[in-house]
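Engineer: Sequences listed follow chains A and B, in order.
Residues in the first sequence are numbered from 1 upward in steps of one, following the numbering used here.
Residues in the second sequence are numbered from 1001 upward in steps of one, following the numbering used here.
Each residue gets a CB set at the ideal place from its N, CA and C atoms; glycine is no exception.
Computed from a prediction, not measured in an experiment: that's the story for all the values here.
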Amino acid sequence: GQQVMQIPQYQHVQEGEDFTTYCNSSTTLSNIQWYKQRPGGHPVFLIQLVKSGEVKKQKRLTFQFGEAKKNSSLHITATQTTDVGTYFCARSNTGKLIFGQGTTLQVKP
Amino acid sequence: DTAVSQTPKYLVTQMGNDKSIKCEQNLGHDTMYWYKQDSKKFLKIMFSYNNKELIINETVPNRFSPKSPDKAHLNLHINSLELGDSAVYFCASTLGTDTQYFGPGTRLTVL
C-alpha cells in the first residue's frame, strides 16, 4: 500500500528525443519527490511536488503531479548525454522516503 | 566542502567478518538515514536517527547495528557479513522531513 510503482525500468533514446518516466501510487500522496542518480553516483534531489495538478519546470525537465495526487511524471525534452542516469520518484511517509524502482535512462549520441 | 561524507568508499571483505561504515554531515541536519541499494538499483531505507535517537528500524537483520554518537554522525556496524549484504550503502541527512542529502555511498563487496 505504501509502495510507489515506477515505469519503465529502462529507456534507451537517441540524443534529442524526449523521455518520460511515470510514478503511480494506489493511495493518495501528500507529496512526491524526484531524484537523479548518475552512474556511479548518489541520488541528488531534483524537486518536490505538493499540490494537486502541480506542474514545475527546470529547463528541459517538466514535473507533474496528478489531480488525484496518486501519480506523477518527469518529462525531459530533447535529451542530452548529460541526462544519463537513474531517475527515482519517492514518497515521504512518517519521516522516511519510499522510493520507486527507478527508471534508468541511456542516451545514444 | 563535502556536505555528507562516508568512509570508506569501497569495502571488500570475506564472509563472516565484521565491518563498519562511517557517515558525517556538516549541514546541521537533525535526522540521518542509512539506505541500501541493491544490484537492481532499488533503494531501501534501513534506519533513521533523529538527534541521536533511533526512530526508524526497517526489518533489518540484527547483524546490522547503527550508532549515532552525535547528531552529525551516524555509523553502521555489520556483524558476520553474508554474501547478500553486498550492495551500495548510502547515508543521507535531512532537516525535518524534506529534501534528503545523500552521501557518496559505500560499495560493499562480500566474498
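1) Would you mind reading off the limits of the beta strand (DSSP E) that contains A:PHE65?
2) Of all Cβ atoms in chain A, is any one closer than 8 Å to the Cβ of B:LYS1041?
3) So B:ILE1055 packs on B:SER1065, CB below 8 Å; how close in whole Å?
4) Quick check on the burial criterion: 16 or more other C-beta atoms within 10 angstroms. Buried or exposed for B:ASN1075?
5) Counting only runs of 3+ residues fully inside the segment 1085-1111 of chain B, write out the beta strand (DSSP E) ranges in chain order.
6) Which residue comes first and which comes last in the beta strand (DSSP E) that contains B:ASP1070?
7) What are the boundary residues of the beta strand (DSSP E) that includes A:GLN37?
8) Going along chain A in order, which residues have a C-beta closer than 7 Å to the C-beta of B:ILE1055?
9) Compare the Cα-Cα distances from A:VAL44 to each of B:GLY1105, B:THR1109 and B:LEU1111 and report the closest residue.
10) Listing by chain order, which chain A residues have their CB less than 7 Å from the CB of B:PHE1064?
11) Counting only Cβ pairs nearer than 9 Å, list the residues of chain B close to A:GLY102.
12) Give me, in chain order, the residues of the same chain whose beta-carbon lies closer than 8 Å to that of A:GLN128; leave out the 5 immediate sequence neighbours on both sides.
13) Using a beta-carbon distance cut-off of less than 9 Å, what residues from the segment 1088-1105 of chain B approach chain A?
14) Quick check on DSSP: helix, strand or coil for B:LEU1043?
15) Distance check for B:ASN1062 and A:SER81, CA to CA, integer angstroms please.
16) Pairing CB atoms from the segment 1011-1021 of chain B with CB atoms from the segment 27-45 of chain A, are three or more of them under 8 Å?
17) Would A:GLN48 and A:GLN33 be called neighbours here (beta carbons separated by less than 8 Å)?
18) Are A:ASP18 and A:ILE76 closer than 8 Å when you measure CB to CB?
19) Along chain A, which residues have their Cβ under 8 Å away from the Cβ of B:THR1031?
20) Please name the residues in the segment 37-62 of chain A whose beta-carbon is closer than 8 Å to at least one beta-carbon of chain B, in chain order.
21) Please work out which residues of its chain come closer than 7 Å, Cβ to Cβ, to B:LYS1019, disregarding the five sequence neighbours upstream and downstream, and give them in chain order.
Structural biologist: Short version:
1) Stepping through the first sequence from its first residue, residue 65 of chain A is reached at position 65. Segment 61-65, the beta strand (DSSP E) holding A:PHE65.
2) Along the second sequence, read from residue 1 onward, the residue named residue 1041 of chain B stands at position 41. It does: the Cβ of B:LYS1041 has a partner Cβ on chain A nearer than 8 Å.
3) Against the second sequence, residue 1055 of chain B aligns to sequence position 55. Against the second sequence, residue 1065 of chain B aligns to sequence position 65. About 16 Å; that fails the 8 Å criterion.
4) As a first step, residue 1075 of chain B must be located in the second sequence, where it is residue number 75. Buried, since its Cβ has 16 or more Cβ neighbours within 10 Å.
5) 1087-1094 and 1106-1110
6) Translated into the one-based positions of the second sequence, residue 1070 of chain B becomes position 70. Per DSSP, B:ASP1070 belongs to the beta strand (DSSP E) from 1064-1070.
7) In the first sequence, residue 37 of chain A corresponds to position 37, counting from 1. Where A:GLN37 is concerned, the enclosing beta strand (DSSP E) stretches over 32-37.
8) Here the question's residue 1055 of chain B lines up with position 55 in the second sequence. Within chain A, the residues near B:ILE1055 are GLY95.
9) Working through the first sequence from its first residue, we reach residue 44 of chain A at position 44. The shortest C-alpha separation from A:VAL44 is found at B:GLY1105.
10) Taking the second sequence and counting its residues from 1, one reaches residue 1064 of chain B at position 64. Near B:PHE1064 there are no residues of chain A at all, since even the closest Cβ is about 16 Å away, more than 7 Å.
11) Within the first sequence, residue 102 of chain A is the residue found at index 102, counting from 1. Ordered by position in chain B, the residues that pass the 9 Å Cβ test against A:GLY102 are LYS1040, LYS1041, PHE1042 and LEU1043.
12) Past the edges of chain A, shown from 1 to 109, lies residue 128 of chain A, and the structure says nothing about it.
13) VAL1088, PHE1090, ALA1092, THR1094, GLY1096, THR1097, ASP1098, THR1099, GLN1100, TYR1101, PHE1102, GLY1103, PRO1104 and GLY1105
14) In the second sequence, counting from the first residue as 1, residue 1043 of chain B sits at position 43. Of the three classes helix, strand and coil, the one that applies to B:LEU1043 here is strand, per DSSP.
15) Here the question's residue 81 of chain A lines up with position 81 in the first sequence. Here the question's residue 1062 of chain B lines up with position 62 in the second sequence. In the sequence as presented, Ser is not what sits at residue 81 of chain A; that position holds Thr. Approximately 42 Å, taken between the alpha carbons.
16) no
17) Numbered from its first residue, the first sequence carries residue 48 of chain A at position 48. Numbered from its first residue, the first sequence carries residue 33 of chain A at position 33. Yes.
18) Walking along the first sequence from the start, residue 18 of chain A turns up at place 18. Walking along the first sequence from the start, residue 76 of chain A turns up at place 76. Result yes, Cβ atoms of A:ASP18 and A:ILE76 sit closer than 8 Å.
19) By one-based count along the second sequence, residue 1031 of chain B stands at place 31. Result: GLY95.
20) GLN37, GLY41, HIS42, PRO43, VAL44, PHE45 and GLN48
21) One-based indexing of the second sequence puts residue 1019 of chain B at position 19. The answer, listed in chain order, is LEU1011, THR1013, ILE1078 and LEU1081.
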